[in-house]
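Student: Counting in our numbering, the sequence shown runs from 675 upward without gaps.
No residue lacks a Cβ here, since even glycine has one placed at the ideal position from N, Cα and C.
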Amino acid sequence: MSYDVQKKAADATMNLQNARRDLKKVKEDEEKYLVDREAKAQVRLSTTHRQIDGATSTLDKIAETIANKAKEYREKFTKFISGLVSMLDRADKIIESATTLQDTAERTLESLNEAKEHLDEMIISASSTEKELKKREELVEKRNEEADQKLEEAKQTADWVKTGKRYTIKNKKS
């Protein structure tokens with residue numbers, strides 16, 4: 675009979691050691707996963723920022739070019755408006771060019787807004803991953819507490835076998 679109790683105690687101790695080893699491996703794997711995800715997110719964020727900065731710079735140059743051209747042509751129109759019909763034709767062409775540039779600027783702005791929405795979606799995705807990891811940590815802590823309780827029970831059983839006395843197993847569940 676005491677051999678069965680010793681075997682059960684040894685099995686419980688072995689199971690506890692295996693559970694702790696598995697827990698350590700899960701924690702290491704989880705840390706590697708978090709580091710990889712963070713690095714990928716940083717690269718994506720950096721790339722998006724560069725794209726936004728480049729597009730903003732391009733928009734600023736386009737707006738400056740449009741403003742400069744409009745000012746230049748306005749001055750020319752003021753000087754030569756009285757008799758230069760050919761300048762009116764040229765002005766129409768410049769206005770069409772400005773409209774095309776404005777359309778291009780609007781399309782670029784729409785593209786930037788889409789990139790911003792994509793970035794917002796990535797932020798939301800990262801937030802949900804963080805919540806999932808928190809749940810996993812709570813589960814690991816709960817299982818660790820259960821393993822500690824089983825170890826305590828195994829120690830008490832082993833002590834009972836050694837001394838021949840029976841102890842009441844304390845229930846430490848909270």
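If you draw a straight line from the alpha carbon of T739 to that of L775, how long is it in whole angstroms?
Tutor: For the purposes of this step, residue 739 is identified with residue 65 of the sequence shown, where counting begins at 1. For the purposes of this step, residue 775 is identified with residue 101 of the sequence shown, where counting begins at 1. Taking the straight line from one Cα to the other gives about 10 Å.
Student: Give the DSSP-derived three-state secondary structure of K847 in the structure shown.
Tutor: Within the sequence shown, residue 847 is the residue found at index 173, counting from 1. Because the pLDDT at K847 is just 49, under 50, the model does not fix this residue reliably, and the value given afterwards should be weighed accordingly. Here K847 sits in coil by DSSP.
Student: Could you tell me which whole beta strand (DSSP E) segments of length 3 or greater appear in the segment 726 to 783?
Tutor: DSSP runs (the beta strand (DSSP E)) wholly in the segment 726 to 783: none.
Student: Judging by CA-CA distance, which residue of F751, K805, I736 is the nearest neighbour of A779?
Tutor: Stepping through the sequence shown from its first residue, residue 779 is reached at position 105. If we check each option's Cα against that of A779, I736 comes out closest.
Student: Using a Cβ-Cβ cut-off of 8 Å (strictly less than) and excluding sequence neighbours within five positions of K701, which residues of its own chain qualify?
Tutor: Numbered from its first residue, the sequence shown carries residue 701 at position 27. Here the set comprises V814.
Student: Please classify A683 as buried or exposed, where buried requires at least 16 neighbouring CB atoms within 10 angstroms.
Tutor: Translated into the one-based positions of the sequence shown, residue 683 becomes position 9. The residue is buried, with at least 16 neighbouring Cβ atoms inside 10 Å.
Student: Check whether the segment 811 to 830 touches the segment 682 to 696, counting contact only when three or more Cβ pairs, one atom from each stretch, lie closer than 8 Å.
Tutor: In short, these stretches touch, since the Cβ pair count reaches three.
Student: What's the gap between the Cα of T782 and the Cα of N818?
Tutor: The residue labelled residue 782 in the question sits at position 108 within the sequence shown. The residue labelled residue 818 in the question sits at position 144 within the sequence shown. Cα-Cα distance, rounded: 54 Å.
Student: If A789 sits next to T721, beta carbons under 8 Å apart, how far is it from one beta carbon to the other, in whole angstroms?
Tutor: As a position in the sequence shown, residue 789 is number 115, starting the count at 1. As a position in the sequence shown, residue 721 is number 47, starting the count at 1. With a Cβ gap of about 10 Å, A789 and T721 do not count as contacting.
Student: Expressed to the nearest angstrom, what Euclidean distance is found between the alpha-carbon atoms of E795 and R718?
Tutor: Here residue 795 refers to the residue found at position 121 when the sequence shown is read from its first residue. Here residue 718 refers to the residue found at position 44 when the sequence shown is read from its first residue. If you take the alpha carbons of E795 and R718, they lie about 13 Å apart.
Student: Within this structure, are the beta carbons of L690 and A832 separated by less than 9 Å?
Tutor: The residue given as residue 690 occupies position 16 in the sequence shown. The residue given as residue 832 occupies position 158 in the sequence shown. No, the pair does not count as a contact, with Cβ atoms beyond the cut-off.
Student: Leaving out five residues on either side along the sequence, give the residues of the same chain with a beta carbon under 6 Å from the beta carbon of I768.
Tutor: In the sequence shown, counting from the first residue as 1, residue 768 sits at position 94. If we look at I768 and ignore the five residues flanking it on each side, its Cβ neighbours are Y747.
Student: Thinking C-alpha only, which one of L793, D703, E770 is nearest R810?
Tutor: Taking the first residue of the sequence shown as position 1, residue 810 is located at position 136. When only C-alpha atoms are compared, the closest one is D703.
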